[in-house]
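Scroll down for the structure; my scribbles are underneath it.
Numbering (full-length UniProt numbering), first residue to last: 1 to 165.
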């Protein structure tokens, strides 16, 4: 074996080893095969659904766009599932194709697939409706009828539309 051939062979082996290590690290960090379309850079919104959100990653797999959400938690929580449900609806509206599932990547790198079911979609829209209802009641003034002397000394008098002058 000549010296240049030996060096070339060594470099080829090192290159292959580096590629394998990179692939392993990529999988360990939760990156799945597919082209990254957005990496925490695209805010999706739907006026029709009254939803807005920004998935951590959107990947393209064939004709589907799959949202991913990365969490530091060790196990999937219901709030994670609902958040991903919002992203599934927004991705469908944005790209025109219903994703079959989304993925939550947990703190240990494990990937949890969340199926895009009618039940999840209904639950997400129901929770969104309840939040909107609660927001409306928060905006409504809470009726109060304090004596005028209490209003004069109250620290919130300047913020209160019902203050007795």
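Quick reminder that beta carbons are idealized off the backbone N, C-alpha and C, glycines included. Source: prediction; values computed, not measured.
**Report entry** For residue 69, three-class secondary structure by DSSP
**Finding:** The count along the chain shown starts at 1 and reaches residue 69 at position 69. If DSSP states are grouped into helix, strand and coil, residue 69 belongs with the strands.
Query raised in the report: If you run the structure through DSSP and keep just helix, strand and coil, what is residue 61?
Result: Within the chain shown, numbered from 1, the residue matching residue 61 stands at position 61. Three-state result, residue 61: strand.
Query raised in the report: Start and end of the beta strand (DSSP E) containing residue 115?
Result: Taking the chain shown and counting its residues from 1, the one referred to as residue 115 is at position 115. Start and end: 111-115.
Report task. Return the first residue and the last residue of the beta strand (DSSP E) that residue 85 is part of. Result -> Within the chain shown, the letter at position 85 stands for residue 85. Run containing residue 85: none in the beta strand (DSSP E); it sits in the alpha helix (DSSP H), 78-95.
Query - Unbroken alpha helix (DSSP H) run spanning residue 105, endpoints - result: Position 105 of the chain shown, counting from 1, holds the residue named residue 105. Premise fails: residue 105 lies in the beta strand (DSSP E), 101-105, not in any alpha helix (DSSP H).
Query raised in the report: From residue 68 to residue 137, what does the alpha carbon distance come to, in whole angstroms?
Result: Position 68 of the chain shown, counting from 1, holds the residue named residue 68. Position 137 of the chain shown, counting from 1, holds the residue named residue 137. For residue 68 and residue 137, the distance between alpha carbons rounds to 33 Å.
Query raised in the report: Quick one: any contact between the region 73-92 and the region 53-64, if contact means 3 or more CB pairs under 8 Å?
Result: yes
Query raised in the report: Mind checking whether residue 106 and residue 44 have CB atoms under 7 Å apart?
Result: What you label residue 106 is simply residue 106 of the chain shown in a count that begins at 1. What you label residue 44 is simply residue 44 of the chain shown in a count that begins at 1. It is not a contact, given that the beta carbons lie outside the stated cut-off.
Query raised in the report: Would you say residue 34 and residue 61 are within 7 Å of each other, going by their C-beta atoms?
Result: As a position in the chain shown, residue 34 is number 34, starting the count at 1. As a position in the chain shown, residue 61 is number 61, starting the count at 1. Contact: yes.
Query raised in the report: If we ignore side chains and look at the alpha-carbon of each, how far apart do residue 88 and residue 99 end up?
Result: Along the chain shown, one-based indexing puts residue 88 at 88. Along the chain shown, one-based indexing puts residue 99 at 99. Using only the alpha carbons, I get a separation of about 6 Å.
Query raised in the report: Which residues does DSSP pair with residue 53 in a beta bridge?
Result: Here residue 53 refers to the residue found at position 53 when the chain shown is read from its first residue. In DSSP, residue 53 forms a bridge with 44.
Query raised in the report: Assuming residue 65 contacts residue 97 under a Cβ cut-off of 8 Å, what Cβ separation, rounded to an integer in Å, is found between them?
Result: To locate residue 65, count along the chain shown from 1; it is residue 65. To locate residue 97, count along the chain shown from 1; it is residue 97. Yes, residue 65 and residue 97 are in contact; Cβ-Cβ is about 7 Å, under 8 Å.
Query raised in the report: How big is the Cα-Cα spacing for residue 128 and residue 104?
Result: Position 128 of the chain shown, counted from the first residue, corresponds to residue 128. Position 104 of the chain shown, counted from the first residue, corresponds to residue 104. Going by the C-alpha atoms only, they are around 20 Å apart.
Query raised in the report: Hey, would you say residue 39 sits closer than 7 Å to residue 57, going by beta carbons?
Result: In the chain shown, residue 39 corresponds to position 39, counting from 1. In the chain shown, residue 57 corresponds to position 57, counting from 1. Yes.
Query raised in the report: Rounded to a whole number of angstroms, what is the C-alpha to C-alpha distance between residue 149 and residue 143?
Result: Translated into the one-based positions of the chain shown, residue 149 becomes position 149. Translated into the one-based positions of the chain shown, residue 143 becomes position 143. Each residue's alpha carbon lies about 17 Å from the other.
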